[in-house]
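Engineer: A single structure is presented below for examination.
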């Protein structure tokens with residue numbers, strides 16, 4: 001995925017109107033040289049990610065392999081975080097089928113602090129492992145003082161002091177990272193293909209005002225982020241020209257009249273099968289025809305007013321995928 005694509009007809013991001021995304025991706029297998037991925041059909045939009053794999057066991061015996069879907073790590077910070085369903089352990093609403101039949105998966109969750117697994121520490125104290133869930137702070141605040149100090153020393157929590165209009169408050173804030181993985185054991189029969197499909201709701205980051213094409217008398221503070229965005233999303237001159245035209249059309253001197261959405265998909269870590277992906281297809285849907293989209297792809301074709309597609313044979317994933325979608329501000 002090295003070529004540049006900028007397709008479609010894009011104010012600076014502020015801390016309080018920017019939402020961070022969580023990176024998710026595809027299935028991960030135990031490293032093996034007996035199962036080939038004949039094809040991967042990947043669809044990505046801001047509403048849903050769908051993947052259809054076709055696998056072939058190349059041996060003369062059935063093979064049982066561990067298959068895992070790692071959810072993105074969650075660590076709370078002062079910024080907003082995009083969590084599709086923060087009331088559920090399955091916060092991306094992950095679902096999978098094999099040959100059209102639902103698969104029952106197991107869930108492993110760990111609480112990591114300062115690189116150490118502190119899962120049992122929290123469980124013994126009856127603290128929910130998901131730091132984003134309602135009731136976590138209340139449960140932490142209810143701990144005896146000595147237990148709270150222990151958690152602070154372990155890096156599991158920090159002391160959060162603030163005045164929300166009712167005088168100074170003091171609470172424990174969760175600082176651990178939640179690591180979740182769905183997994184199951186899959187039999188790959190010899191002599192025939194097996195179809196594995198999964199879908200989930202992506203974590204979509206974004207800003208009320210995009211930095212793409214934004215110009216300021218003092219560019220030093222944003223140039224680095226603009227360069228990073230250009231590299232991550234393969235933003236090219238054609239894309240920037242479209243943003244520039246929309247900016248000039250405002251005639252009021254304000255910045256680019258776009259908000260942005262960002263979806264990331266982990267491609268690299270799943271390359272544990274035998275050989276390359278025989279047939280790879282990626283379809284990206286930008287939502288509405290008036291939106292702009294930019295991502296790194298090769299020989300991408302427009303297949304509908306909102307969808308863009310690339311295909312490749314004998315494909316080796318060498319980098320993860322970032323998709324940037326610019327949404328025009330509503331006209332007043």
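Residue numbers (the UniProt record's numbering): 1 to 332.
All residues carry an ideal CB built from backbone N, CA and C; glycine is no exception.
1. Quick check: the Cα distance between residue 135 and residue 142, rounded to an integer number of angstroms?
2. Answer with yes or no whether the minimum CB distance from residue 311 to chain D is below 9 Å.
3. Taking only three categories from DSSP, how would you classify residue 148?
4. With DSSP collapsed to three states, give me the class of residue 40.
5. Is residue 192 helix, strand or coil when you go by DSSP?
6. Can you give the Cα-Cα distance for residue 369 and residue 64, rounded to whole angstroms?
7. According to DSSP, simplified to helix, strand and coil, what is residue 162?
8. Assign residue 88 to buried or exposed, taking buried as 16 or more other Cβ atoms, counted over all protein chains shown, within 10 Å of its Cβ.
9. If you follow the alpha helix (DSSP H) that residue 338 is part of, which residue opens it and which one closes it?
10. Excluding the 5 residues preceding and the 5 following residue 111 in the sequence, name in chain order all residues of the same chain whose CB lies nearer than 6 Å to its CB.
11. Buried or exposed for residue 285, going by 16 or more other Cβ atoms inside 10 Å?
12. I'd like to check one pair, residue 235 with residue 294: are the Cβ atoms closer than 9 Å?
13. Let me know the secondary structure DSSP gives residue 313 once reduced to three states.
14. I think residue 155 touches residue 208, with their Cβ atoms under 8 Å apart; what is that distance to the nearest whole Å?
15. For residue 213, which residues in the same chain have their Cβ closer than 7 Å to its Cβ, ignoring the five residues on either side in sequence?
16. So, for residue 48: in the same chain, excluding its five sequence neighbours on each side, which residues have a beta-carbon less than 8 Å away from its beta-carbon?
17. Just the C-alpha distance for residue 168 and residue 218, rounded to the nearest angstrom, thanks.
18. According to DSSP, is residue 117 helix, strand or coil?
19. Just confirm the distance between the C-beta atoms of residue 172 and residue 140, as a whole number of angstroms; I'd bet it's less than 8 Å.
20. Between 166, 267, 223, 86, which has its C-alpha nearest residue 69's C-alpha?
21. Where do the ends of the alpha helix (DSSP H) carrying residue 245 lie?
22. Taking residue 208 as part of the beta strand (DSSP E), name the residues at either end of that continuous run.
23. Less than 9 Å separating the beta-carbons of residue 85 and residue 178?
24. Would you kindly work out how many angstroms separate the C-alpha atoms of residue 282 and residue 150, rounded to a whole number?
25. Among all the DSSP beta bridges, which residues are the ones paired with residue 282?
26. Measure from the alpha carbon of residue 279 to the alpha carbon of each residue in 313, 303, 233, then state which is nearest.
27. Shortest alpha-carbon distance to residue 315 belongs to which of 37, 32, 33?
28. Pick helix, strand or coil for residue 300, following the three-state DSSP scheme.
29. Would you check if the distance between the CB atom of residue 62 and the CB atom of residue 190 is smaller than 9 Å?
30. In or out: residue 303 buried (at least 16 other Cβ within 10 Å) or exposed?
Structural biologist: Looking at the atomic coordinates:
1. Against the chain shown, residue 135 aligns to sequence position 135. Against the chain shown, residue 142 aligns to sequence position 142. Going from the Cα of residue 135 to the Cα of residue 142 covers about 11 Å.
2. No chain D is present in this structure, which holds just one protein chain.
3. Working through the chain shown from its first residue, we reach residue 148 at position 148. Residue state, collapsed to three classes: helix.
4. Here residue 40 refers to the residue found at position 40 of the chain shown. Three-state result, residue 40: strand.
5. Working through the chain shown from its first residue, we reach residue 192 at position 192. It is coil, neither helix nor strand.
6. Outside the displayed span of the chain (1 to 332) sits residue 369, for which this structure offers no information.
7. Within the chain shown, residue 162 is the residue found at index 162, counting from 1. In the structure shown, residue 162 sits in a strand (DSSP, three-state: E or B).
8. Here residue 88 is taken as the residue at index 88 of the chain shown, counted from 1. Result: exposed.
9. Residue 338 lies beyond the range of the chain shown here (1 to 332); nothing can be said about it.
10. As a working mapping, residue 111 is identified with position 111 in the chain shown. Cβ within range, chain order: 118, 119, 122, 129, 176.
11. In the chain shown, counting from the first residue as 1, residue 285 sits at position 285. Buried: at least 16 other Cβ atoms inside 10 Å.
12. Reading the chain shown from its first residue, position 294 is the one you call residue 294. Reading the chain shown from its first residue, position 235 is the one you call residue 235. Their beta carbons are under 9 Å apart, which means residue 294 touches residue 235 by this criterion.
13. In the chain shown, the residue the question calls residue 313 occupies position 313. Residue state, collapsed to three classes: strand.
14. As a first step, residue 155 must be located in the chain shown, where it is residue number 155. As a first step, residue 208 must be located in the chain shown, where it is residue number 208. Their Cβ separation, rounded to whole angstroms, is 33 Å, which puts residue 155 and residue 208 out of contact at 8 Å.
15. Position 213 of the chain shown, counting from 1, holds the residue named residue 213. Correct list, in chain order: 10, 240, 243, 244, 247, 256.
16. For this step, residue 48 is matched to residue 48 along the chain shown. Here the set comprises 199, 200, 201, 202.
17. Here residue 168 is taken as the residue at index 168 of the chain shown, counted from 1. Here residue 218 is taken as the residue at index 218 of the chain shown, counted from 1. Between residue 168 and residue 218, the C-alpha separation is close to 37 Å.
18. Here residue 117 is taken as the residue at index 117 of the chain shown, counted from 1. Looking at residue 117 - three-state DSSP - the assignment turns out to be strand.
19. Counting from one through the chain shown, the residue named residue 172 turns up at place 172. Counting from one through the chain shown, the residue named residue 140 turns up at place 140. Yes, residue 172 and residue 140 are in contact; Cβ-Cβ is about 4 Å, under 8 Å.
20. Numbered from its first residue, the chain shown carries residue 69 at position 69. Considering only alpha carbons, the answer is 267.
21. Here residue 245 corresponds to residue number 245 of the chain shown, with the count starting at 1. Run containing residue 245: 237 to 248, per the alpha helix (DSSP H) assignment.
22. Counted from its first residue, the chain shown places residue 208 at position 208. It is not in any beta strand (DSSP E) - residue 208 carries neither H nor E in the DSSP assignment.
23. Looking up residue 85 in the chain shown gives position 85. Looking up residue 178 in the chain shown gives position 178. No, Cβ-Cβ distance for residue 85 and residue 178 is not below 9 Å.
24. Taking the first residue of the chain shown as position 1, residue 282 is located at position 282. Taking the first residue of the chain shown as position 1, residue 150 is located at position 150. Using only the alpha carbons, I get a separation of about 48 Å.
25. Locating residue 282 in the chain shown gives position 282, where the first residue counts as 1. Residue 282 is bridged to 42, 310.
26. Taking the chain shown and counting its residues from 1, one reaches residue 279 at position 279. Comparing Cα positions, the closest option is 313.
27. Taking the chain shown and counting its residues from 1, one reaches residue 315 at position 315. Nearest option by C-alpha distance: 37.
28. The residue you call residue 300 lines up with position 300 of the chain shown. Note: residue 300 maps to coil in three-state DSSP.
29. As a first step, residue 62 is located in the chain shown; it is residue number 62 there, counting from the start. As a first step, residue 190 is located in the chain shown; it is residue number 190 there, counting from the start. Yes. Within cutoff.
30. Within the chain shown, numbered from 1, the residue matching residue 303 stands at position 303. With fewer than 16 other Cβ atoms within 10 Å, it is exposed.
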